[in-house]
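Data block below; observations after.
Numbering (the numbering used here), first residue to last: 88 to 226.
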């Protein structure tokens, strides 16, 4: 970011603080609640999995840094990394669908990927996340 040369360091610091606060407020407002995430999962299950994947809970977690999502088929719970917040909706939908599919099929074999075959942005979302991982590791 460039700042006018006439601004003092104190004015620059104040401006940066205000801009950061605005960005954080916007991000916080755009993050769906756990209830909204659960409703989204139900819609995705109905649209792409014939409604067969019915999670008992869907929630955001702050502690997931190595994976984008996880599920526990035994209790039918799904967790998505909060790192997904702010990413394109099709990417969040892909991760959510991925975990929903695991409620139906364990592992990542052909039957698992067949469950996701109707999602038209599957490869685009996978590429986005792969690129994100590569870019963040390079820092």
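We put the beta carbon where it would ideally sit given N, CA and C, even for glycine. All figures in this text were calculated on a predicted structure; none of them were measured in a lab.
By DSSP's assignment, residue 157 forms a beta bridge with 166.
Comparing alpha carbon positions, the residue from 194, 171, 145, 178 closest to residue 163 is 145. Annotated three-state conformation of residue 120 is coil, per DSSP. Residue 158 holds the alpha-carbon nearest to the alpha-carbon of residue 190 among 217, 158, 203, 181. When C-beta atoms of the stretch 217–225 are compared with those of the stretch 197–207, fewer than three pairs fall below 8 Å, so the two segments do not count as touching. Sequence-distant Cβ neighbours of residue 207 in its own chain, meaning closer than 8 Å and more than five residues away, do not exist here. Around the CB of residue 195, fewer than 16 other CB atoms lie within 10 Å, so the residue is classed as exposed.
Distance between residue 178 and residue 95, taken at the CA atoms: about 41 Å. Bridge partners of residue 144 according to DSSP: 164.
Residue 180 sits buried, since 16 or more C-beta atoms from the chains shown fall within 10 Å of its C-beta.
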